[in-house]
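*Asks:*
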Amino acid sequence: MAPEERSERPSTPVGLVLLAWLVVSVPLGWGVLQTLEKAAALFR
Amino acid sequence: MSALSFLDRERTVAPPGYSRWLVPPAALAIHLSIGQGYSLSVFNLPMSRLLGITAPAPGDWPLTTTVWMFNIAFAVLGLSAFAWGKWLERVGPRKAMFVAALCFAGGFFVAAAGVAVHSLAVGLGLGYISPVSTLIKWFPDRPGMATGMAIMGFGGGAMIGSPLAQNLMDHYQGPTSVGVAPTLATMGAIYFAFMMFGVVLVRVPPPDFHPHGAGAAAKAKLGQTASMTADRALKTPQFWLLWAVLFLNVTAGIGVLSQASPMIQETFQGRVSAMAAAGFVGFISIFNLLGRFFWSSISDFIGRKRTYAIYFALGTLLYCAVPKLGRLGSVTLFVAAFCVIFTMYGGGFATIPAYLRDLFGVEQVGAIHGRLLTAWSAAAVAGPSIVTYVREYQVGHGVPKAEAYTITMYVMASLLVGGLVCNALVVGEAPRTG
Chain A
1 MAPEERSERP STPVGLVLLA WLVVSVPLGW GVLQTLEKAA ALFR
Chain B
45 MSALSFLDRE RTVAPPGYSR WLVPPAALAI HLSIGQGYSL SVFNLPMSRL LGITAPAPGD
105 WPLTTTVWMF NIAFAVLGLS AFAWGKWLER VGPRKAMFVA ALCFAGGFFV AAAGVAVHSL
165 AVGLGLGYIS PVSTLIKWFP DRPGMATGMA IMGFGGGAMI GSPLAQNLMD HYQGPTSVGV
225 APTLATMGAI YFAFMMFGVV LVRVPPPDFH PHGAGAAAKA KLGQTASMTA DRALKTPQFW
285 LLWAVLFLNV TAGIGVLSQA SPMIQETFQG RVSAMAAAGF VGFISIFNLL GRFFWSSISD
345 FIGRKRTYAI YFALGTLLYC AVPKLGRLGS VTLFVAAFCV IFTMYGGGFA TIPAYLRDLF
405 GVEQVGAIHG RLLTAWSAAA VAGPSIVTYV REYQVGHGVP KAEAYTITMY VMASLLVGGL
465 VCNALVVGEA PRTG
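Line order of the protein sequences matches chains A and B.
Under our numbering, the residues of the first sequence are numbered 1 to 44, in order.
Under our numbering, the residues of the second sequence are numbered 45 to 478, in order.
1) Output needed for B:LEU469: all residues of its chain with C-beta closer than 7 Å, excluding positions within five of it in sequence on either side, in chain order.
2) Whole angstroms is fine: what's the gap from B:SER163's alpha carbon to B:LEU89's?
3) Please confirm whether B:PHE324 and A:LEU16 have their CB atoms less than 8 Å apart.
4) Could one say the Cβ of A:VAL26 lies closer than 8 Å to chain B's Cβ atoms, at least one of them?
5) The alpha helix (DSSP H) with B:PHE236 in it runs from where to where?
6) In three-state terms, what does DSSP make of B:ALA120?
7) As an exercise, report each continuous alpha helix (DSSP H) stretch of at least 4 residues that is fully enclosed by the region 270-295 of chain B, in chain order.
8) Got a sec, what are the start and stop residues for the alpha helix (DSSP H) B:TYR437 sits in?
9) Identify, in the order they occur along the chain, each residue of the same chain with its Cβ nearer than 6 Å to the Cβ of B:GLY314, setting aside the five sequence neighbours on each side.
10) Taking 8 Å as the cut-off, decide whether the C-beta atoms of B:LYS174 and B:LEU123 are in contact.
11) In whole angstroms, what is the alpha-carbon distance linking B:LEU372 and B:VAL431?
12) Distance, Cα to Cα, B:ILE78 vs B:GLN309?
13) Measure the Cβ-Cβ separation of B:VAL406 and B:SER271 and say whether it is below 8 Å.
14) Got a sec, what are the start and stop residues for the alpha helix (DSSP H) B:ILE330 sits in?
15) Can a CB atom of chain B be found closer than 8 Å to the CB of A:GLY31?
16) Does the region 373-383 of chain B come close enough to the region 278-296 of chain B to have 3 or more Cβ pairs within less than 8 Å?
17) Any beta-carbon of chain A closer than 8 Å to the one on B:LEU245?
18) Return the first residue and the last residue of the alpha helix (DSSP H) that B:VAL443 is part of.
19) Could you give the residue range of the alpha helix (DSSP H) that holds A:THR12?
20) List the residues of chain A that B:HIS320 touches, going by C-beta distances under 9 Å, in chain order.
21) Only counting the same chain, and skipping five residues up and downstream in sequence, which positions put a Cβ closer than 6 Å to that of B:ALA140?
22) Buried or exposed for B:ASN211, going by 16 or more other Cβ atoms inside 10 Å?
23) Exposed or buried, what is B:LEU95 when buried is set at 16 or more other beta-carbons lying within 10 Å of its beta-carbon?
24) Return the residues of the region 182-207 of chain B that lie within a Cβ-Cβ distance of less than 9 Å from chain A, sorted by chain order.
25) Between which two residues does the alpha helix (DSSP H) containing B:ASP104 stretch?
26) Kindly indicate the opening and closing residues of the alpha helix (DSSP H) around B:SER49.
27) Is it right to say B:ASN467 is buried, meaning 16 or more other beta carbons lie within 10 angstroms of its own, or is it exposed?
28) Decide if B:TYR433 is buried, meaning its Cβ has at least 16 other Cβ atoms within 10 Å, or exposed.
29) Report the rounded CA-to-CA distance for B:ILE234 versus B:LEU369, giving the unit in angstroms.
30) With DSSP run on the structure shown, which of helix, strand or coil describes B:VAL300?
31) Can you grab the Cα-Cα spacing for the pair B:PHE356 / B:LEU464, in whole Å?
32) Measure from the C-beta of B:TYR82 to each C-beta in chain A and report whether the shortest distance is under 8 Å.
33) Considering only the beta carbon of each residue, do A:THR12 and B:SER63 sit closer than 8 Å?
34) List the residues that DSSP assigns as beta-bridge partners of B:GLY405.
35) Nearest by alpha-carbon distance to B:THR280: which of B:GLY472, B:LEU66, B:TYR82 is it?
36) Rounded to whole angstroms, how far is the Cβ of B:GLY200 from the Cβ of A:VAL32, which I believe are closer than 8 Å?
Structure representation (structure tokens):
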């Protein structure tokens with residue numbers, strides 16, 4: 001079996017990958033939103 | 045077998061079928077946490093009235109002391125990345141990230157206790173370089189994009205850390221306390237848990253790993269770059285040219301960032317309030333974040349050297365244009381110019397690991413990156429000092445405050461010209477992977 005097939009065989013569930021991204025995206029999104037709210041003062 | 049063997053490099057080799065797209069979230073968990081270091085200033089004012097509660101009292105730390113927390117944190121980042129980079133390459137990312145979590149979260153607990161005994165302690169560097177080095181190995185076909193994702197997290201960390209600290213202090217403060225100590229302890233617990241998510245998730249690729257779908261020619265090209273040891277890399281002119289490239293790019297950006305709020309208020313006196321100026325700082329930090337991903341991803345297609353040439357050439361033009369935009373009275377154009385400048389400031393951080401990988405190979409890229417980060421520490425001292433000194437000199441010689449930043453912008457532009465020259469002198473870049 002070729003290395004790329006062995007190491008990249010699509011056996012990790014897509015849901016797990018999405019969940020991992022969700023765990024980091026939620027706090028990042030919250031932080032960006034907080035910053036945008038503060039930044040909005042520049043345009044008032 | 046001890047429980048800690050879970051942290052060993054051999055236990056972190058990805059099993060067949062492990063998706064490399066799980067590694068960026070692991071890296072982001074670390075960088076979103078340690079990026080909090082950028083927002084340490086949120087504690088400055090509350091820590092200057094720990095005894096007085098509502099106002100500074102005799103025995104309270106002056107602001108001039110508390111601001112050292114930020115300086116120390118970034119000095120430690122550079123020094124620890126320098127000192128521990130080779131160890132990271134030997135033990136693997138999981139153990140390094142675990143130690144980073146212990147140091148970083150532990151720093152909060154020590155600081156929480158230190159608030160009572162008046163001592164400070166923080167550490168960052170190992171957490172910065174370990175996920176970056178791992179991502180480069182997982183994404184040999186898109187190293188710029190991969191490191192951009194992680195380093196974007198460092199920029200985002202401040203956006204989380206600042207409001208989180210503020211909300212916690214609001215929650216904990218009372219008539220007898222400003223709430224700093226419980227806030228630090230809570231943040232230590234939250235960050236430790238979040239970083240452990242990255243520790244558990246991270247894997248290193250197997251030795252014969254190639255990205256899925258890479259053709260034979262691409263594989264041959266990806267494997268062409270010979271690796272150099274960190275010690276040997278340090279003896280090459282290329283390393284020191286890149287050190288200068290990072291130093292000059294960061295010096296210009298961090299200098300302006302440190303004075304962004306007073307700068308926009310003084311340039312547009314009576315038109316930009318303190319609150320709007322705080323909004324300006326927030327706005328450019330979002331562009332700083334976006335630039336980290338955008339420019340480093342672009343660099344996979346146009347090459348690292350061309351990307352830095354754009355940073356320096358476009359940055360020089362924009363810094364030279366800023367005084368004119370100020371005189372025109374256009375707040376919008378002034379803000380727009382800085383938004384573009386700060387995408388390239390962030391991009392400079394995010395693109396450098398891939399540049400190092402192109403020049404020195406992947407094997408010890410974490411250690412080499414760690415050594416290069418001393419440029420950041422030096423820039424964190426030089427940038428704000430230059431901007432403050434030039435401004436004070438001008439104001440002291442009768443220059444109106446609205447005009448006081450003109451020379452500063454030209455000084456920043458000249459730094460970028462120096463960066464352009466250093467970048468042009470870099471030779472031996474590996475072929476583009478895109």
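Positions of the beta carbon are idealized from the N, C-alpha and C atoms, including for glycine.
*Replies:* Once the coordinates are examined:
1) Against the second sequence, residue 469 of chain B aligns to sequence position 425. Taken in chain order, the residues that qualify are LEU285.
2) Counting from 1 along the second sequence, the entry for residue 163 of chain B is found at position 119. Counting from 1 along the second sequence, the entry for residue 89 of chain B is found at position 45. Model confidence at B:SER163 stands at a pLDDT of 41, short of 50, so the residue's coordinates are unreliable and nothing is read from them.
3) Sequence index remark: in the second sequence, residue 324 of chain B carries index 280 (1-based). Sequence index remark: in the first sequence, residue 16 of chain A carries index 16 (1-based). It is not a contact, given that the beta carbons lie outside the stated cut-off.
4) On the first sequence, position 26 is the one that residue 26 of chain A refers to. No, its Cβ sits nowhere closer than 8 Å to a Cβ of chain B.
5) Stepping through the second sequence from its first residue, residue 236 of chain B is reached at position 192. 224-245 is the extent of the alpha helix (DSSP H) around B:PHE236.
6) Numbered from 1 along the second sequence, position 76 holds the residue referred to as residue 120 of chain B. The displayed chain sequence assigns Val, not Ala, to residue 120 of chain B. Helix at B:VAL120.
7) 274-277
8) Position 393 of the second sequence, counted from the start, is the residue given in the question as residue 437 of chain B. Where B:TYR437 is concerned, the enclosing alpha helix (DSSP H) stretches over 418-440.
9) For this step, residue 314 of chain B is matched to residue 270 along the second sequence. Counting only Cβ-Cβ distances below 6 Å, and skipping sequence neighbours, we find nothing.
10) For the purposes of this step, residue 174 of chain B is identified with residue 130 of the second sequence, where counting begins at 1. For the purposes of this step, residue 123 of chain B is identified with residue 79 of the second sequence, where counting begins at 1. A small fix is needed here, since residue 174 of chain B is Ser in this sequence, not Lys. Contact flag unset, no.
11) Here residue 372 of chain B refers to the residue found at position 328 when the second sequence is read from its first residue. Here residue 431 of chain B refers to the residue found at position 387 when the second sequence is read from its first residue. Rounded to whole angstroms, B:LEU372 to B:VAL431 spans 22 Å at the Cα level.
12) For the purposes of this step, residue 78 of chain B is taken as residue 34 along the second sequence, with counting starting at 1. For the purposes of this step, residue 309 of chain B is taken as residue 265 along the second sequence, with counting starting at 1. So the alpha carbons of these two residues sit roughly 30 Å apart.
13) Residue numbering aside, residue 406 of chain B sits at position 362 when the second sequence is read from its first letter. Residue numbering aside, residue 271 of chain B sits at position 227 when the second sequence is read from its first letter. The answer is yes: Cβ separation under 8 Å.
14) Stepping through the second sequence from its first residue, residue 330 of chain B is reached at position 286. Its alpha helix (DSSP H) spans residues 318-346.
15) Within the first sequence, the letter at position 31 stands for residue 31 of chain A. Answer yes: the Cβ-Cβ gap between A:GLY31 and chain B drops below 8 Å somewhere.
16) no
17) Working through the second sequence from its first residue, we reach residue 245 of chain B at position 201. Taking Cβ atoms only, chain A reaches closer than 8 Å to B:LEU245, which makes this a yes.
18) Locating residue 443 of chain B in the second sequence gives position 399, counting from the first residue. Per DSSP, B:VAL443 belongs to no alpha helix (DSSP H) and is neither H nor E.
19) Numbered from its first residue, the first sequence carries residue 12 of chain A at position 12. Neither: A:THR12 is in no alpha helix (DSSP H) and is coded neither H nor E.
20) If you number the second sequence from 1, residue 320 of chain B lands on position 276. Strictly speaking, residue 320 of chain B in this sequence is Ala, with His absent from that position. Under the 9 Å cutoff, chain A gives ALA41, LEU42, PHE43, ARG44.
21) The sequence position of residue 140 of chain B within the second sequence is 96, counting from 1. The answer, listed in chain order, is LEU132, LEU170, SER174.
22) Looking up residue 211 of chain B in the second sequence gives position 167. Its Cβ having fewer than 16 others within 10 Å, B:ASN211 is exposed.
23) Along the second sequence, one-based indexing puts residue 95 of chain B at 51. The residue is exposed, with fewer than 16 neighbouring Cβ atoms inside 10 Å.
24) MET196, GLY197, GLY200, GLY201, ALA202, MET203, ILE204, GLY205, SER206, PRO207
25) On the second sequence, residue 104 of chain B is found 60 positions in, with the first residue counted as 1. Element bounds for B:ASP104: n/a, residue is neither H nor E.
26) Residue numbering aside, residue 49 of chain B sits at position 5 when the second sequence is read from its first letter. From DSSP, B:SER49 is part of no alpha helix (DSSP H); its letter is neither H nor E.
27) Sequence index remark: in the second sequence, residue 467 of chain B carries index 423 (1-based). The residue is buried, with at least 16 neighbouring Cβ atoms inside 10 Å.
28) In the second sequence, the residue the question calls residue 433 of chain B occupies position 389. It is exposed - the Cβ of B:TYR433 has fewer than 16 other Cβ atoms within 10 Å.
29) Counting from one through the second sequence, the residue named residue 234 of chain B turns up at place 190. Counting from one through the second sequence, the residue named residue 369 of chain B turns up at place 325. Taking the straight line joining both Cα atoms gives about 43 Å.
30) Here residue 300 of chain B refers to the residue found at position 256 of the second sequence. Note: B:VAL300 maps to helix in three-state DSSP.
31) Taking the first residue of the second sequence as position 1, residue 356 of chain B is located at position 312. Taking the first residue of the second sequence as position 1, residue 464 of chain B is located at position 420. Looking at the two C-alpha atoms, the distance is approximately 5 Å.
32) The residue given as residue 82 of chain B occupies position 38 in the second sequence. Answer no: the Cβ-Cβ gap between B:TYR82 and chain A never drops below 8 Å.
33) Residue mapping note: residue 12 of chain A aligns to position 12 of the first sequence, counting from 1. Residue mapping note: residue 63 of chain B aligns to position 19 of the second sequence, counting from 1. It is a contact, given that the beta carbons lie within the stated cut-off.
34) Counting from 1 along the second sequence, the entry for residue 405 of chain B is found at position 361. None, per the DSSP bridge assignment.
35) The residue you call residue 280 of chain B lines up with position 236 of the second sequence. Answer by Cα proximity: B:GLY472.
36) Translated into the one-based positions of the second sequence, residue 200 of chain B becomes position 156. Translated into the one-based positions of the first sequence, residue 32 of chain A becomes position 32. That pair is a contact at about 7 Å.
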